[in-house]
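Chemist: Starting off with a structure, shown below.
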Amino acid sequence: MSFDVLFSQFMSGIARAALLFLVASGLSLTFGVLRVLNFAHGSLYMLGAFLSYSIWKFLLMPVLGFYLAAIIAALIMGAVGILIEYVLLRRLYARGWPEQLLATYAIVLIIMDLVKWAWGGEFLSIPRPKPFTGAVLLFGFPFPSYNFFVILLGLGLLVFLWWLIYKTRFGDIIRAAAHDREMVSALGIPIPWLFTWIFVLGAFIAGLSGAVTAPFGSVALGMDIEIIIECFAVVVIGGMGSLPGTLLGSFIVGEVYAFGIMLKPELAIAFIFMVMAVVLIIRPWGIFGRPER
Amino acid sequence: MKKIAILSVLVFVFSIVSVSMVMAQAKKAAPASTKEPIKLGVIYDFVGGCHMYSETGVKGIKIALDEINAKGGILGRKLDFIVRDTEGKADVAVRETKDLILREKVHFLIGPCSSGMGLAMQVIHSEYKVLRISAIANTEAMTVDKFSPYFVQVVPNTYMEAIAATRYLHKKVPTAKKFCTIAPDYEFGRREEAAFEEEIKRLVPGVEILYQAWPKLGEKDFTAFITAIMAKKPDAVHSSLFGGDLVSFTKQAAPYGFFQSVPFIALYDFPVLLALGPDAPEGTFGFGRGCFFMDPNPKMMEFVEKFRKFTGTYPDAWAVQNYDAIYLLKAAIEKAKTIETEAVIKAIEGMPFEGLRQKFTIRPLDHMGTVPCYQGTIAKDPNYPFKIWKDITRVPGEQVIRPEASVREIWKKTGVTR
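Residue numbers (the numbering used here), protein chains in the order written: chain A, 1 to 293; chain B, 1001 to 1418.
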């Protein structure tokens, strides 16, 4: 197999990893601090995609339309995040995981029916925005420039989250709260307020990544469940609640899938879950995760 | 322990008794008063990629029923219909089918969208001896491998559709010897690609199939499949991707220059072309099941006007096939002069029928309609605000239907006797 073939397959994997990282980072962040396994994260992502489509349609702006729509959709999802956290999640922090999963699954069903009712089952699609419509040549092999945009956005988000968590006071509080929330609370920091903002950030990221997916493929029902399953694989492999873990998990899932497709397409998805199974056996808390206290 | 054993025996006996009572009731209910409406159970999958097909399918049914009822119904009886949702789950499909038959006491069934659901339902309604017509789902297994006399097909099945599409692809790129395929990884995709392989081996001696990609149904990111296919440098690619998956694939493949470098055929029907808008790749080949631009005969265009008045949009093949299914049923009931299932089945076998897709008949052997398959090349048209096809081929079903001898051969293996 020649170098350019391997390289182009590798780049496909990177593009997929970037997309996965965008979505999974929000999921991992919420879990890391709130200790809530938010099954509805994929639904917020789907809603973000549908919203960005409608806003893009409404704006009718040839160049800026998509970018504006993506930001507005993400902001709306942030607001939806406040609602969900305030009305539902806040009552569940003290409960066990089964109840949290059931409650967030209820949100999945509600959003699914909401989307069905509001947008119907049509396949919607946004054309790729300028200037990312074409492709660039990498070692003589074309690579879609929109994929570059997604990779850049993923890197941007990585840097932003790293800065937020490790370089700011807010980040210090987040890390402290993830470690010992009673102690942080005893220091006079309002934990409910902190948790609301973390969830809002997670919902914002979900909405943004949904909007970014819209020009990539089609916006359709079912994209919620599809993404959440892959995101779970990412965070289980990388380690729940760990930023470097999410990055590595996305990379592994993206590349295993890309090369699986090339070598044995029938088993491409199975390969991902085989890796997950191996990680679960050797390090049940994930590569970068911490064992549960 | 003993108590539990006795209890479970009691529960078992009780359930057998109640089931047989319900079944007996269902049979008794058949000869109802002759002025009561004829009830149709419409069962579709309002979920994922099937949601939209199901929705327009039901609109096609509604238009046909309104027309028929306005003219006094069939045999002086009005038509009534109940719509049910399988949610894309085989167990729900089975439950709803049973409920429609036992509780709602429908006389005929129409549906579903997914081939997987269709196979699950077929066992049930055949057991209760209720006739079902399929107007979207099209796996060949329903008429061949798992044949049931209580099933009629008005959609070109996977075999016919893929054979016709393969011939079109071969006609367009006669020199192609090396192929790749990409298809959704479930019943429908597997069947289509198997038929493609069979036909391309007949047409091109020494053909090579370099690589077969099986993305899951509902895949959003085809990038890795696209680069893997292009790395093999095929002469042409055959695909049975459809709906939202095909929209995603097309948008992701375009920046790679895929459509300029590889001749490609897939299910580029009206909803896909509409969703793709300016992104629809001109010069790429499509196959479909018969909508207005594929078969613009007067009857079809009259239906287009009715549909647009009713919904404000153009009808797709799914609406057309459902409309045809209702009129086929009407013709059969009128010929049989009763709604009694066995008589209607007898009437439908070999009966000449003229619908929106022109003439076809239901082959008596396996109840497969000799419905046409359509292929074309994506192109702009000044008459429409979206891209349609040019160089359209209409392949009558008789030319691509599986020969009777071949059907009987498969039946020998699967244990169907007829």
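For glycine and all other residues, C-beta sits at the position ideal for the given N, C-alpha and C.
In this text, all values refer to a predicted model and were calculated from it rather than measured experimentally.
1. Who are the near neighbours of Val1022 (chain B) in its chain, counting only those whose CB is closer than 8 angstroms to its CB and skipping five residues on each side?
2. Using only alpha-carbon positions, find the residue among A:Val5, A:Leu92, A:Leu19 and A:Leu6 that is nearest to Ala353 (chain A).
3. With a threshold of 6 angstroms on Cβ separation, who are the neighbours of Ala1301 (chain B) within its own chain once the five nearest residues in sequence on each side are excluded?
4. Can you tell me whether Phe58 (chain A) is buried or exposed? The criterion is at least 16 other CB atoms within 10 Å of its CB, across all chains shown.
5. Put Phe143 (chain A) into one of helix, strand or coil per three-state DSSP.
6. Take Ala1135 (chain B) as the anchor and find which of B:Ala1379, B:Arg1357, B:Trp1411 and B:Pro1382 has the nearest alpha-carbon.
7. On a Cα-Cα basis, can you pick out the residue from A:Leu60, A:Leu64, A:Val33 and A:Leu114 that is closest to Leu44 (chain A)?
8. Which residue from A:Trp163, A:Arg290, A:Val23 and A:Val253 puts its Cα closest to that of Phe273 (chain A)?
9. Give me the chain A residues within the contact set of Glu1055 (chain B), using Cβ-Cβ distance strictly less than 8 angstroms, ordered along the chain.
10. Does the beta-carbon of Asp4 (chain A) have 16 or more other beta-carbons within 10 angstroms, so that it is buried, or is it exposed?
11. Counting only beta-carbon atoms, is Thr1223 (chain B) nearer than 8 angstroms to chain A?
12. Taking the alpha carbon of Ala49 (chain A) as the point to measure from, which residue in A:Ile227, A:Val36, A:Val200 and A:Arg175 has its own alpha carbon closest?
13. What does Met1052 (chain B) touch in chain A if you count any residue whose Cβ is under 8 angstroms from its own?
14. So with CB distances below 7 angstroms, who are the chain A contacts of Lys1216 (chain B)?
15. Using the beta-carbon of each residue, which ones in chain C are nearer than 9 angstroms to Thr1166 (chain B)?
16. At the 8 angstroms Cβ level, is Ser1115 (chain B) part of the contact set with chain A, yes or no?
17. Please list, in chain order, the chain A residues whose beta carbon lies closer than 7 angstroms to that of Gln1503 (chain B).
18. Taking only beta-carbon atoms, is Ala1162 (chain B) less than 8 angstroms away from chain A?
19. Could you work out which residue in B:Glu1208, B:Glu1198, B:Pro1174 and B:Phe1242 is closest to Lys1216 (chain B) when comparing CA atoms only?
20. Determine, using beta carbons only, whether Phe1285 (chain B) and Gln1399 (chain B) come nearer to each other than 8 angstroms.
21. Cβ closer than 9 angstroms: which chain B residues qualify as neighbours of Tyr257 (chain A)?
22. Would you identify the three-state DSSP class for His1238 (chain B), choosing helix, strand or coil?
23. At what residue ranges does the region 1350-1390 of chain B contain a whole run of the alpha helix (DSSP H), taking only runs of 4 or more?
24. Report the residues of the region 224-246 of chain A with a CB closer than 8 angstroms to any CB of chain B, ordered along the chain.
25. Check each residue of the region 179-210 of chain A: if its Cβ is closer than 7 angstroms to any Cβ of chain B, include it; give the result in chain order.
26. For the region 1221-1252 of chain B, which residues have a beta carbon sitting closer than 7 angstroms to at least one beta carbon of chain A?
27. Let me know the beta strand (DSSP E) ranges lying completely inside the region 105-175 of chain A, each 3 residues or longer, listed in chain order.
28. Which runs of the beta strand (DSSP E) fall wholly inside the region 1239-1282 of chain B and span at least 3 residues, in chain order?
29. Say whether chain B places a C-beta atom closer than 8 angstroms to the C-beta of Ile261 (chain A).
30. Is Val1152 (chain B) helix, strand or coil by DSSP?
31. Give the range of the beta strand (DSSP E) segment to which Val1042 (chain B) is assigned.
32. Indicate the three-state DSSP secondary structure (helix, strand or coil) for Val1344 (chain B) in the structure shown.
33. Just to confirm, are Ile1043 (chain B) and Leu1109 (chain B) a CB contact at a threshold of 8 angstroms?
34. Considering only the alpha carbon of each residue, which of B:Arg1289, B:Gly1257 and B:Pro1255 lies closest to Ala1266 (chain B)?
35. In whole angstroms, what separates the C-alpha of Ile237 (chain A) from that of Pro1315 (chain B)?
36. Check this for me: beta carbons of Ile1124 (chain B) and Thr1166 (chain B), under 8 angstroms apart or not?
Modeler: Taking the definition as stated:
1. Note that Val1022 (chain B) scores a pLDDT of 49, beneath 50, so its modelled location is shaky and nothing firm can be said.
2. The first residue shown for chain A is 1 and the last is 293, placing residue 353 (chain A) beyond what the model contains.
3. Reading off the sequence, residue 1301 (chain B) comes out as Met, not Ala. Around Met1301 (chain B): no qualifying Cβ.
4. Exposed, by the Cβ-count rule.
5. It is a strand residue.
6. Checked all of B:Ala1379, B:Arg1357, B:Trp1411 and B:Pro1382; the closest Cα to Ala1135 (chain B) is B:Arg1357.
7. When each option's Cα is compared against that of Leu44 (chain A), the closest is A:Leu114.
8. The shortest C-alpha separation from Phe273 (chain A) is found at A:Val253.
9. The CB of Glu1055 (chain B) comes closer than 8 angstroms to the CB of Gly120 and Gly121 in chain A, given here in chain order.
10. Asp4 (chain A) comes out exposed.
11. Yes, its Cβ sits closer than 8 angstroms to a Cβ of chain A.
12. Answer by Cα proximity: A:Ile227.
13. Residues of chain A with a Cβ closer than 8 angstroms to the Cβ of Met1052 (chain B) are, in chain order, Gly120, Gly121, Glu122 and Phe123.
14. Against Lys1216 (chain B), the close residues of chain A are Ile269, in the order they occur along the chain (beta-carbon pairs closer than 7 angstroms).
15. Judged by its chain identifiers, the structure shown contains no chain C, and its protein chains are A and B.
16. Chain A has no Cβ within less than 8 angstroms of the Cβ of Ser1115 (chain B).
17. Any question about residue 1503 (chain B) goes unanswered here, given that chain B covers just 1001 to 1418.
18. By the rule that beta-carbons nearer than 8 angstroms mark a contact, Ala1162 (chain B) does not touch chain A.
19. Among B:Glu1208, B:Glu1198, B:Pro1174 and B:Phe1242, the Cα nearest to that of Lys1216 (chain B) is on B:Phe1242.
20. No; because the gap between Cβ atoms is not below 8 angstroms, this pair is not in contact.
21. Residues of chain B passing the Cβ test: Asp1221 and Ala1224.
22. Strand, per DSSP.
23. DSSP runs (the alpha helix (DSSP H)) wholly in the region 1350-1390 of chain B: none.
24. Listed by position, the residues of the region 224-246 of chain A near chain B (Cβ gap below 8 angstroms) are Glu226 and Ile227.
25. Residues passing the 7 angstroms Cβ filter: none.
26. Near chain A, meaning a CB-to-CB distance below 7 angstroms, the residues of the region 1221-1252 of chain B are Asp1221, Thr1223, Ala1224, Phe1225, Thr1227, Ala1228, Ala1231, Gly1243, Gly1244, Val1247, Ser1248, Lys1251 and Gln1252.
27. Correct list: 135-138 and 141-144.
28. Taken in chain order, the complete beta strand (DSSP E) segments of 3 or more residues contained in the region 1239-1282 of chain B are 1264-1266.
29. For Ile261 (chain A), the answer is yes, since a Cβ of chain B falls inside 8 angstroms of its Cβ.
30. Val1152 (chain B) carries a strand assignment under DSSP once its states are collapsed to helix, strand and coil.
31. Counting along the chain, the beta strand (DSSP E) containing Val1042 (chain B) begins and ends at Ile1038 to Tyr1044.
32. Of the three classes helix, strand and coil, the one that applies to Val1344 (chain B) here is helix, per DSSP.
33. Yes.
34. Answer by Cα proximity: B:Arg1289.
35. The C-alpha of Pro1315 (chain B) is placed about 47 angstroms away from the C-alpha of Ile237 (chain A).
36. No, the Cβ-Cβ distance between Ile1124 (chain B) and Thr1166 (chain B) is not below 8 angstroms.
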